[in-house]
Structures are given as structure tokens and as C-alpha cells.
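Residue numbers (our numbering): 298 to 638.
A virtual CB, placed ideally from N, CA and C, is assigned to each residue, including glycine.
To keep things clear, I will list the structure first and then write my remarks on it.
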């Protein structure tokens with residue numbers, strides 16, 4: 298937009314991550330608004346919490362249809378269509394729209410579907426896997442350009458047959474005007490009664506990929522240290538199970554809060570003495586870079602990185618992180634103690 302381009306976004310009604318459509322969008326099929334100069338066309342979709350593969354798939358499919366039926370008619374002219382995954386059901390809509398207008402479409406890959414579900418053991422049906430992989434490759438091949446957020450993604454797609462010149466990497470970052478260093482003793486600490494505590498924060502998705510059981514296991518080992526508190530903020534597919542595990546382990550040193558408004562996320566980062574960035578120990582995740590890393594570092598908060606691959610290399614170069622092996626509770630305990638002392 299700074300270069301004079303006009304941008305229109307086709308999206309659903311706000312409901313993430315709770316699955317509850319927010320006012321004033323309740324009961325509406327369509328909505329149109331302008332946000333910071335961007336025209337936003339909102340369409341109905343089947344809203345569901347960010348948990349359960351079947352319901353999430355139905356939500357993605359419903360948006361694919363509504364984007365084509367409700368969004369496409371209002372989109373007007375365009376020179377290029379950019380679609381971002383997950384999910385690639387939305388990318389199907391973008392490809393159809395581009396074909397109808399005879400314009401190129403660009404596929405931005407922020408997650409590797411369906412590979413991530415296969416590696417996590419969520420998707421096991423070989424027929425479904427092959428079908429989804431066929432759709433995935435169909436979309437890659439028909440895109441004018443494929444944009445990946447990590448070099449690992451790019452390498453993987455080239456190995457699957459995409460021409461190197463067709464795949465470029467644009468790494469995620471942080472909006473540094475929004476994520477800036479701030480006082481540690483802020484409103485969050487006051488609200489939660491954390492004055493004088495060493496706060497180990499995690500702010501983000503509570504999904505299968507993050508393996509947040511690691512954090513609760515570390516909290517269990519540190520339960521006798523009254524100075525250390527673990528603060529987990531967010532929602533996701535594993536949130537309910539994590540709450541139950543906290544109760545089972547009787548962890549009074551773990552505070553778990555729902556997802557917060559985006560404008561307050563910085564406060565939670567700044568209230569933390571250190572933030573944990575974990576991923577499961579799977580080969581595929583060595584190609585991932587959790588975007589929260591950049592937000593945390595922009596706030597000048599140190600990181601404990603339980604990651605491999607590119608993410609680990611970035612944290613090493615930053616000089617502001619302690620690195621541990623993914624899913625290593627003992628390693629996390631040692632890292633937390635290092636930051637305390």
C-alpha cells in the first residue's frame with residue numbers, strides 16, 4: 298500500500314480461537330469494512346473452536362464455499378490474487394477466482410499441509426493423505442509464484458519437484474511499532490499478583506505442535522520454588538487437556554489464561570522474565586520458525602528455545618536465548634534456573 302497498491306482482503310467473520318462470532322458480526326452473511334486503508338470483505342463461515350480435526354475441516358470448507366459464492370461477487374477487478382495457507386481450502390477459492398479473472402495467483406505457504414498432520418499422527422488414512430497431497434501439488438503447480446516463510450519449506454518443495462525459480466522465501470517478522478520493550482512491572486503483573494516473581498511466559502497457540510506438556514512437566518519439578526511462576530496465555534486444541542493435567546498434577550505455580558486481545562499481547566511478553574518457544578521433537582519441525590520468536594525479541598525479552606533447525610539458528614545468532622532440546626523437561630528446568638540466578 299505504501300507503493301500505491303490497492304488491497305482487498307476476503308476473509309471470514311471474526312471467531313478465532315474461541316469459535317464464537319463476535320459482535321457486530323453475529324448472524325450476518327456478509328460485511329464490508331475498511332481497516333487501515335485495506336478493504337475487508339467478510340463472509341459467513343461455520344465457526345468452531347480451534348480444536349478437533351473434523352470440525353476445523355468443516356469450517357475451512359465452509360469458508361472455501363462462502364468465499365467463492367459471497368466474496369467473489371463483491372471482489373471486483375484485481376491484478377493478482379494472493380492466498381495464504383493454512384488452510385489450502387482457501388487457496389482453492391483463490392485459484393478459482395484467478396481463473397475466472399484470468400490473472401495470476403500467488404500461494405503463500407505458512408504451514409505444510411497435510412504433512413504436519415501426518416507427522417503428528419493426527420491424519421493416518423492413506424487414501425485421505427494421498428488425496429490431500431494431490432490437491433496440494435495441484436495448487437503449487439498452478440501458482441505463478443510460491444512464497445514460503447522458511448528456507449526449510451522451500452527446500453522441501455523443490456525436492457518435491459517445484460522449479461527453484463518459482464519458490465521464494467519471505468521470512469516472518471514482528472511489527473516493531475507494536476512490539477517494543479516495556480517495563481517488567483506492568484499492569485499484567487499487578488493484575489495477577491506477580492510482583493517479585495520470576496515469570497516464565499508462553500503466549501500463543503496451545504496446539505499439538507507446541508507440546509506444552511513440556512512446560513507443565515518443568516513446572517512440576519520446580520513446584521517447591523515459590524519464586525518461579527509459569528504463565529500460559531492462549532487457546533488451542535490441547536488447552537482443555539493441559540488444564541486437566543495442571544489439575545491432576547496440582548500445579549499451583551502455573552497460571553493459565555484465555556487468549557487476550559492482540560493489543561495486550563505485548564504487555565504479557567514484557568511481564569515475563571523469559572518466554573518459552575517450544576515445538577515437538579519431529580523432523581518436520583526443524584523447517585518451522587515460530588513467528589512469536591520475533592515478537593518476543595522485539596520486546597527485548599529473552600527466550601528459551603526448545604526448537605531445532607532454522608529457528609534454533611536464528612535464536613543462536615540473536616544472543617538473547619538459551620537453547621534446549623525439544624521436549625526435554627530437565628533441560629527446561631535448568632534453563633529457567635539459569636535465568637533466575
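Check: In this structure, does DSSP put residue 312 in helix, strand or coil?
Finding: coil
Check: Taking the Cβ atom as the reference point for each residue, do residue 532 and residue 556 lie within a distance shorter than 8 angstroms?
Finding: yes
Next item on the list: Put residue 596 into one of helix, strand or coil per three-state DSSP.
Entry: coil
Next item on the list: Note the first and the last residue of the continuous beta strand (DSSP E) segment covering residue 553.
Entry: 551-554
Item checked: Delimiting residues of the alpha helix (DSSP H) encompassing residue 438 -> 423-439
Next item on the list: Starting from residue 628, trace the beta strand (DSSP E) both ways and give me its first and last residue.
Entry: Where residue 628 is concerned, there is no enclosing beta strand (DSSP E), although the alpha helix (DSSP H) it sits in stretches over 626-637.
Checklist line | Runs of alpha helix (DSSP H) wholly within the stretch 378-414 (minimum 4 residues, chain order) | finding: 385-398
Checklist line | residue 325 (DSSP reduced to helix, strand or coil) | finding: coil
Notebook entry, point to check: In this structure, does DSSP put residue 347 in helix, strand or coil?
Noted result: coil
Checklist line | Cβ separation of residue 499 and residue 509, assumed to be a contact under 8 angstroms, to the nearest whole Å | finding: 7 angstroms
Item checked: residue 331 in three-state terms, based on DSSP -> strand
Item checked: Contiguous beta strand (DSSP E) assignments of at least 3 residues, all confined to the stretch 484-522 -> 495-500
Next item on the list: From the DSSP output, read off the bridge partner residues of residue 339.
Entry: 308, 328
Notebook entry, point to check: Any chance the stretch 409-421 sits against the stretch 576-595, with 3 or more Cβ pairs inside 8 angstroms?
Noted result: yes
Check: With burial defined as no fewer than 16 other Cβ atoms inside 10 Å of the residue's Cβ, what is the status of residue 422: buried or exposed?
Finding: exposed
Checklist line | Spatially closest choice to residue 471 from 595, 371, 525, 459, by CA coordinates | finding: 595
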